[in-house]
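Under my numbering, think of the first position of the sequence shown as 1, with each following residue one higher.
Scroll down for the structure; my scribbles are underneath it.
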Amino acid sequence: MSSPPDNPTMPPHGFPELHLQALGDHLLASNLAIRLLLVGGAAMRMRNLVARTTDDVDVLAMMAAGGQPAPPDLTQIQPFIARVARDFGIPDDWLNDEVAMQWQAGMPPNLLSEVTWRRFGGLEIGLAGRPVLIALKL
């Protein structure tokens with residue numbers, strides 16, 4: 001039985017929502033709650049700004065207890081990220097903070113404007129607003 005042809009308007013195998021839900025379920029089961037701010041292709045697709053797929057999730061910031069963004073440190077949740085990768089057969093870096101190098105150059109002044117929040121178990125995801133997504137692409 002052959003697999004269906006790729007549909008460029010649909011993410012492969014529910015990516016990234018299915019994978020974020022699995023990660024959030026693992027966090028919830030471990031009594032952890034994490035808030036991350038996403039940018040890049042995954043954020044654009046999840047906000048329905050683009051139809052194309054992406055193969056990773058870019059974490060720009062982690063929300064601190066006071067609600068302020070800070071450079072992300074995924075160390076605490078790395079075992080769960082790796083578990084999701086193994087369970088779904090996707091690369092270990094499917095969720096990464098490589099884009100966080102932007103902190104060295106400076107963040108857009110409107111970083112938290114138009115953020116849309118979505119919950120996946122113990123994981124709360126902020127999808128950066130259009131102005132920030134555009135500013136980071138320039």
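Cβ atoms here follow ideal geometry from the backbone N, Cα and C, with glycine treated the same way.
Only a predicted model underlies this, so the values are computations on that prediction, with no experimental measurement involved.
Practice item. For Pro16, count neighbouring C-beta atoms within 10 Å of its own C-beta (all shown protein chains included) and say buried if the count is 16 or more, exposed if not. Key: buried
Check your understanding: Any contact of the stretch 48 to 62 with the stretch 26 to 40, i.e. 3+ C-beta pairs under 8 Å?
Key -> yes
Point to revise | Residue closest to Lys137, alpha-carbon to alpha-carbon, out of His26, Gly121, Met107 and Ser30 | key: Met107
**Study point:** Per DSSP, the bridge partner or partners of Pro69
**Key:** Met63
Practice item. Take Gly67 and list the residues in its own chain whose beta-carbon comes closer than 8 Å to its own, dropping the five residues that flank it on each side. Key: none
Review point. Closest to Val99 by CA distance: which of Arg47, Ile90 and Gly41 is it?
Key: Gly41
Check your understanding: Can you tell which of Phe80, Gly129 and Leu95 has its C-alpha closest to the C-alpha of Asn110?
Key -> Gly129
Review point. Would DSSP call Thr54 helix, strand or coil?
Key: coil
Practice item. Using the DSSP secondary-structure output, state which residues sit across from Val39 in a beta bridge. Key: Asp58
Check your understanding: Out of curiosity, what's the CA-to-CA distance linking Gln102 and Ala51?
Key -> 25 Å
Practice item. Let me know the secondary structure DSSP gives Ile77 once reduced to three states. Key: helix
Check your understanding: In angstroms, rounded to a whole number, what distance separates the CA positions of Leu112 and Ala43?
Key -> 14 Å
Check your understanding: With DSSP run on the structure shown, which of helix, strand or coil describes Phe88?
Key -> helix
**Study point:** Closest by C-alpha distance to Pro91, when choosing among Ala135, Thr54 and Gly24
**Key:** Thr54
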